[in-house]
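All residue numbers for the sequence shown refer to this note's numbering, where the first residue is 15 and numbers rise by one. Beta carbons are placed, not taken as given, at the ideal position from N, Cα and C, and that holds for glycine. In this text, all values refer to a predicted model and were calculated from it rather than measured experimentally.
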Amino acid sequence: MAHGVVVVHGIGEQAKGESLAMVVNPLAEFLKQAGGPNFSLNYVVQIDSSPKPAEAVLTFSGTSPSGVAVPDSRWVFREAWWAKSLMPPSYREMLLWTARQFGGQMRAIVRGLRNGIYEGVRDKLVPLPWPLKLYDRVVIFFLGLLLLLGVGPLFLFLLVSWAFSFLPNVLGLGTLSKQLEGLLKGFLVLNVGDTKVYVDHGLWAANVRRVIEEAVLDILKGADFEDVTVICHSWGAIIAYEALSRGSVVEEFLSKNPQPEKKITLVTVGSGLNRSLQMVDKSQSSLARPRLTRRLMPSIFWLNLYSRYDPVPAGPIDSALFAQSGLQKTSIKQSRVVNLDDIINDHGAYWENKDLVAPRLVRAINGGNYPFIETHLNPARILHRLASVAKMASLRLFFIYLALANAVAAWLFRGWGQGMVGFVERVPLLGEGLVKVHQWFKLNQPLGLDLEPLAVWALATLLVAILALTVYKIIRYGIWQDL
15 MAHGVVVVHG
25 IGEQAKGESL
35 AMVVNPLAEF
45 LKQAGGPNFS
55 LNYVVQIDSS
65 PKPAEAVLTF
75 SGTSPSGVAV
85 PDSRWVFREA
95 WWAKSLMPPS
105 YREMLLWTAR
115 QFGGQMRAIV
125 RGLRNGIYEG
135 VRDKLVPLPW
145 PLKLYDRVVI
155 FFLGLLLLLG
165 VGPLFLFLLV
175 SWAFSFLPNV
185 LGLGTLSKQL
195 EGLLKGFLVL
205 NVGDTKVYVD
215 HGLWAANVRR
225 VIEEAVLDIL
235 KGADFEDVTV
245 ICHSWGAIIA
255 YEALSRGSVV
265 EEFLSKNPQP
275 EKKITLVTVG
285 SGLNRSLQMV
295 DKSQSSLARP
305 RLTRRLMPSI
315 FWLNLYSRYD
325 PVPAGPIDSA
335 LFAQSGLQKT
345 SIKQSRVVNL
355 DDIINDHGAY
365 WENKDLVAPR
375 LVRAINGGNY
385 PFIETHLNPA
395 RILHRLASVA
405 KMASLRLFFI
415 YLALANAVAA
425 WLFRGWGQGM
435 VGFVERVPLL
445 GEGLVKVHQW
455 FKLNQPLGLD
465 LEPLAVWALA
475 TLLVAILALT
485 VYKIIRYGIW
495 QDL
């Protein structure tokens with residue numbers, strides 16, 4: 015008998031097979047590494063342009079390092095690829111929709127991240143190393159600063175961009191609008207746009223959901239599958255939740271073909287469910303709330319994984335959503351993990367987390383049991399992850415303090431900033447753009463104000479910040495690769 019797995023990706027323009035590879039490859043490496051030299055693992059992959067779903071089959075057996083025989087196992091992964099199953103919205107409607115959603119979403123994200131980070135700081139079960147505690151407090155400070163100073167200007171920027179989109183393309187009036195569209199369209203339309211279409215347009219949502227339903231039903235109908243695990247990332251969690259809810263096609267099939275022996279596990283990873291709750295409240299579709307607030311099928315077991323620094327879930331699943339699911343407490347489990355403690359990159363870092371995520375995934379896939387003892391989530395894995403992330407946090411803190419010290423020095427000592435800007439301006443190619451900005455402020459006085467000293471300070475501060483970020487990435491990805 016095989017364990018069936020459906021992989022559901024999030025928003026964006028993923029290629030067919032991309033999310034399947036991102037999930038399966040790290041799991042295969044984790045199993046092989048844990049299994050040791052007497053452990054055999056093979057996989058057969060089918061990713062092509064045919065209508066069939068991308069598929070990967072893992073088979074493994076052998077003897078674990080502890081001397082325990084690992085029985086022959088077969089895991090069948092199928093990708094529910096829905097990236098081409100909906101029509102993207104227009105740029106103009108996305109600007110206005112994002113402006114309406116922006117304030118509430120940002121407040122919820124910052125509040126959720128702050129609470130989640132504090133939760134980690136106060137954790138008595140597995141105390142954080144001191145560099146992480148210090149780094150946490152620095153991040154919490156900057157999150158508060160972002161909420162205080164950043165939300166208003168960004169909201170106005172979105173509204174102004176929306177208004178400019180109506181300018182006719184005559185006499186050069188539409189030039190700025192086209193430049194703004196080039197800057198924002200890729201992110202708003204081709205990424206965030208998926209969420210708007212799914213919430214507001216029931217037809218496209220049904221077309222997306224059908225892909226997941228067909229993949230789940232295919233495994234449920236298969237006589238050689240003993241269970242099905244749906245692993246979904248980001249916005250894929252909303253689609254999978256709806257596909258496994260009461261009144262769905264899946265429930266209709268199970269009501270006519272009862273299969274009590276087949277366990278269904280929903281694994282949400284970096285879930286966007288918290289974000290969808292607020293989107294539903296502001297949706298222009300009267301059908302959005304009834305669709306997206308249904309109860310899950312009572313036979314579901316739900317495992318939710320979220321990282322401390324992931325802004326998409328921004329903490330655990332909201333208690334109201336858990337109550338809405340209708341599941342018993344024994345059918346729901348939440349686990350907070352430590353990925354990279356990096357707000358920018360944490361959301362995509364789950365799959366490579368072999369310390370805290372991989373053990374939980376292999377247990378869920380394997381019917382709720384670890385395949386063998388070396389795959390267990392143990393204190394050594396937790397301590398290794400915390401120590402590695404603390405090391406990177408210490409490096410980040412060093413560069414943050416370096417950038418702040420440079421900003422203060424450039425403000426207090428004018429020659430410091432001028433010397434730094436002047437040096438970079440003399441570097442061929444590297445300083446061309448810098449020269450243009452500096453010269454403009456030197457030759458022009460907007461509103462009669464001499465802004466050159468302020469421009470020099472801003473450029474000197476930006477230069478060191480960029481240099482610090484570049485050096486950090488060289489060390490992080492080129493030297494320290496133990497995460």
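For residue i, three-class secondary structure by DSSP
i	result
residue 208	helix
residue 453	helix
residue 381	coil
residue 423	helix
residue 168	helix
residue 277	strand
residue 16	strand
residue 259	strand
Endpoints, alpha helix (DSSP H) assigned at residue i
i	result
residue 315	First-last for residue 315: 314-321, but that is the beta strand (DSSP E), not the alpha helix (DSSP H).
residue 432	428-439
residue 154	144-163
residue 24	Where residue 24 is concerned, there is no enclosing alpha helix (DSSP H), given that its DSSP letter is neither H nor E.
residue 292	287-295
Extent of the continuous beta strand (DSSP E) to which residue i belongs
i	result
residue 475	Per DSSP, residue 475 belongs to no beta strand (DSSP E); it is in the alpha helix (DSSP H), 466-492.
residue 45	From DSSP, residue 45 is part of no beta strand (DSSP E) but of the alpha helix (DSSP H) over 32-49.
residue 56	53-60
Buried or exposed by the 16-neighbour rule on C-beta atoms within 10 Å, applied to residue i
i	result
residue 434	buried
residue 543	Because the chain here runs from 15 to 497, residue 543 falls outside it and cannot be looked at.
residue 440	exposed
residue 166	exposed
residue 93	buried
residue 25	buried
residue 121	exposed
residue 150	buried
residue 383	exposed
residue 344	exposed
residue 124	buried
residue 484	exposed
residue 453	exposed
residue 302	buried
residue 119	buried
residue 379	buried
Contact set for residue i: own chain, Cβ-Cβ below 8 Å, skip 5 residues either direction
i	result
residue 259	265, 308, 309, 310, 311
residue 298	214
residue 335	287, 288, 291
residue 82	386, 387
residue 145	404, 405, 407, 408, 411
residue 113	169, 172, 173, 176
Cutoff 7 Å; reference residue i; Cβ partners in own chain excluding five residues on either side
i	result
residue 254	22, 226, 244, 246, 280
residue 222	96, 99, 100, 212, 253
residue 293	115, 209, 213
residue 251	282, 285, 286, 287
residue 313	278
Own chain residues within Cβ distance below 6 Å of residue i, not counting five before or after
i	result
residue 417	478, 479, 482
residue 233	18, 239, 242
residue 425	471
residue 276	241
residue 365	36, 37, 40
residue 126	328, 329
residue 175	109, 194
residue 86	75
residue 199	105
residue 168	none
residue 216	301
residue 390	384
Proximity test, Cβ basis, 8 Å: residue i and chain B
i	result
residue 376	Within the model displayed, chain B is absent; a lone protein chain is all it includes.
Item checked: Segments assigned alpha helix (DSSP H), at least 4 residues, entirely inside the segment 65-140 -> Within the segment 65-140, the complete alpha helix (DSSP H) runs of at least 4 residues are 105-135.
Margin query: At 3 residues or longer, what runs of the beta strand (DSSP E) sit wholly inside the segment 302-378?
Written below: Every beta strand (DSSP E) of 3 residues or more that sits fully in the segment 302-378 is shown, in chain order, as 314-321, 346-351.
Next item on the list: Mind listing, in chain order, the continuous beta strand (DSSP E) runs of no fewer than 3 residues lying wholly within the segment 184-256?
Entry: Correct list: 239-247.
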